[in-house]
Amino acid sequence: MKMSLNWLLEFVETDLEPESLARRLTETGTEVEGMEKPCARFKGAVSARIEKLEIHPERKDLYVAEIETGTGKAVCVSAAPNLELHACVPYGPPGSVLADGTKIGKRDFDGIKSEGMMLSAEEIGLPDVADEFGILKLDPGTPPGKDIRKLLGLDDLVFDLSITPNRGDLLSIKGLAVEVAGIVPGSRLLQTKETFPSAGNWLGDFEGVRLEDPDCSLYVLGYADSVSIRPSPVSSRVRLCLAGMRPVSNIVDATNLVMLSTGQPLHAFDADLLPGKEITVRSARDGETIVTLDGKERSLTTEDLLITSGGVPIALAGVMGGLHTEINENTRVILIESANFDSIRVSRTSRRLSLPSEASYRYARIVDPQKAKPAVCEIFGLLSSWKAARPLGMVVEGSEGEKFPKTVPLEKKTLEKILLTDDQEMASGILKGLGFEEAAVQKSRRVYRVPSYRPDVSIEEDLVEEVARVWGYDKIPSRLPLGT
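Heads up, the final residue of the sequence shown is numbered 492 in the working numbering, and it's a clean run with no missing numbers.
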């Protein structure tokens, strides 16, 4: 998994330098395989606004633009076909450097001198950020003179993390923030406000959600209208690229950003393309088929879990959506799925169909059901701030369970046996920092409530392992075997 340090620091405060943080993560079980500065060689560019635009008097294939750079005017000559008056663009003045290391200078184009150049996404080093061929368009209203690296979030460090299969909670920025707060002394989680919209009066003739298979324990469905399909804000597209994902459109990008943030996979349906007036989760029938988003027809078995509407398959639960309800440029009303599916069921379907996805990768490692509703609220907030849609409410079918679904005791003698210490206060402090709560405190043992995002912890030895990895394996005294 790729982790943006800037994004992480929106949710946790820590004084550790990046190299020290990487070392601490590795020491405690989350291996950092590398760190990379995005577009490392790219520098010196600023935002600019096109104030005047004309065709070159001697070259009809070129445009001459007068731009406001924040410190004055400059003239740039370009062949880009997408230039528009008043557009905000990245500008590389003479002396700035492109992503490939090319230094920008002045250049004469048949009698007109270009003072630097307006830049494409590829020249910045992020070709997937572009939503059209030509110069990269910055968000409307971007003031001239802003450092492009800071404006786009390139003043960042991206960690390449190896997440163990039992730690699905670390497949999200917020999950990693909880981990960092627990393993780095002096760190603390930053408070974020979550609001839950009421169901509202939006159902109309929609008949709701039906769960006909126990392998879907929770299904949350958000609803929004007044959808306007367009590219996401540039900085959001950059954030997706840094996470290793390709931007598509504002609605699809929002589902992916929230998945990366919370760990909860989301899927958006075009509500007007639903075959029926309800959504049903059920097992597939032998020989039933669905055309998935990659355009391939898949033959299903009863082992597969389906999302249907009007009896017609519209998504493979936890794996991939169907092509016929895909978000498109004409979409005006959306339904947003945020659900909890059985990890084994999803994993088997994904493997059998050779259809891996970001969603199936997370479901196979168990997704915390407590994330389903907050994820819908988060995407509602994102879409509202982008003016991409008008959220109206959500339907919740099933149960999200408890925040602390089980308790596990930790005996003092177990600490002594494995870690050679009887320091229960030390152990308690570590476990509390990781999100566990004390349910009972006794002289010889303590009982801990296990948070829902840690299904891998179920026995006493699991608690000891948590203590050991944070305390430090090097602090466990060595014990020589007794002679005979």
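Here a beta-carbon is modelled for each residue, glycine too, at the ideal position from N, C-alpha and C.
Output the distance between the C-alpha atoms of residue 100 and residue 167, rounded to the nearest integer angstrom.
Position 92 of the sequence shown holds residue 100. Position 159 of the sequence shown holds residue 167. Cα to Cα, the separation comes out at about 28 Å.
Give me, in chain order, the residues of the same chain whose beta-carbon lies closer than 7 Å to that of residue 117; leave out the 5 immediate sequence neighbours on both sides.
Stepping through the sequence shown from its first residue, residue 117 is reached at position 109. Excluding sequence neighbours, residue 117 sits near 64, 67, 70 and 85.
Continuous alpha helix (DSSP H) stretch holding residue 235: start and end:
In the sequence shown, the residue the question calls residue 235 occupies position 227. Segment: none, residue 235 is in no alpha helix (DSSP H) and carries neither H nor E.
Could you tell me whether the segment 233-253 touches the segment 418-431, using the rule of 3 or more Cβ pairs below 8 Å?
no
For residue 28 and residue 169, what's the separation of their Cα atoms in angstroms?
Here residue 28 refers to the residue found at position 20 when the sequence shown is read from its first residue. Here residue 169 refers to the residue found at position 161 when the sequence shown is read from its first residue. Distance between the alpha carbons of residue 28 and residue 169: 15 Å.
Proximity below 8 Å, CB of residue 134 to CB of residue 47
Residue 134 sits at position 126 when you count from the first residue of the sequence shown. Residue 47 sits at position 39 when you count from the first residue of the sequence shown. In this structure, residue 47 lies closer than 8 Å to residue 134 by Cβ.
For residue 18, which residues in the same chain have their Cβ closer than 6 Å to its Cβ, ignoring the five residues on either side in sequence?
By 1-based counting over the sequence shown, the position of residue 18 is 10. Hits under 6 Å: none found.
Where do the N-terminal and C-terminal ends of the alpha helix (DSSP H) with residue 380 fall, by residue?
Here the question's residue 380 lines up with position 372 in the sequence shown. Element bounds for residue 380: 380-393.
For residue 396, three-class secondary structure by DSSP
Against the sequence shown, residue 396 aligns to sequence position 388. Coil, per DSSP.
Under the three-state reduction of DSSP, which class applies to residue 340: helix, strand or coil?
Within the sequence shown, numbered from 1, the residue matching residue 340 stands at position 332. Residue state, collapsed to three classes: coil.
Please classify residue 475: is it buried, with 16 or more other beta-carbons within 10 angstroms of its beta-carbon, or exposed?
Within the sequence shown, the letter at position 467 stands for residue 475. Classification of residue 475: buried, given that the 10 Å Cβ count is 16 or more.
Bridge-paired residues (DSSP) for residue 410:
Against the sequence shown, residue 410 aligns to sequence position 402. Secondary-structure assignment with DSSP links residue 410 through no beta bridge to anything.
Any idea which residues DSSP pairs residue 214 with across the strands?
The residue you call residue 214 lines up with position 206 of the sequence shown. Bridge partners of residue 214: none, in fact.
Where does residue 349 land, buried or exposed, given buried means 16+ other C-beta within 10 angstroms?
For the purposes of this step, residue 349 is taken as residue 341 along the sequence shown, with counting starting at 1. Per the 10 Å Cβ criterion, buried.
Residue 64, DSSP secondary structure in three states:
By one-based count along the sequence shown, residue 64 stands at place 56. DSSP places residue 64 in coil when its eight states are reduced to three.
What are the boundary residues of the alpha helix (DSSP H) that includes residue 26?
In the sequence shown, counting from the first residue as 1, residue 26 sits at position 18. Per DSSP, residue 26 belongs to the alpha helix (DSSP H) from 26-35.
Straight-line Cα distance separating residue 51 from residue 281:
Counting from one through the sequence shown, the residue named residue 281 turns up at place 273. Counting from one through the sequence shown, the residue named residue 51 turns up at place 43. The straight-line gap from Cα to Cα measures roughly 46 Å.
Inspect the beta-carbon positions of residue 96 and residue 158 and report whether they are closer than 8 Å.
As a position in the sequence shown, residue 96 is number 88, starting the count at 1. As a position in the sequence shown, residue 158 is number 150, starting the count at 1. Not closer than 8 Å, so no.
For residue 469 and residue 457, believed in contact at Cβ under 8 Å, the rounded distance:
Residue numbering aside, residue 457 sits at position 449 when the sequence shown is read from its first letter. Residue numbering aside, residue 469 sits at position 461 when the sequence shown is read from its first letter. Actually they are not in contact, since the Cβ atoms of residue 457 and residue 469 sit about 17 Å apart, beyond 8 Å.
Which same chain residues, not among the five before or five after residue 297, have their C-beta less than 6 Å away from its C-beta?
Here residue 297 is taken as the residue at index 289 of the sequence shown, counted from 1. So the list reads 305 and 307, once near-sequence residues are dropped.
Kindly list the residues whose CB is nearer than 6 Å to the CB of residue 1, restricted to its own chain and excluding five residues on each side of it in sequence; keep chain order.
Residue 1 is absent from the model: the chain starts at 9 and stops at 492.
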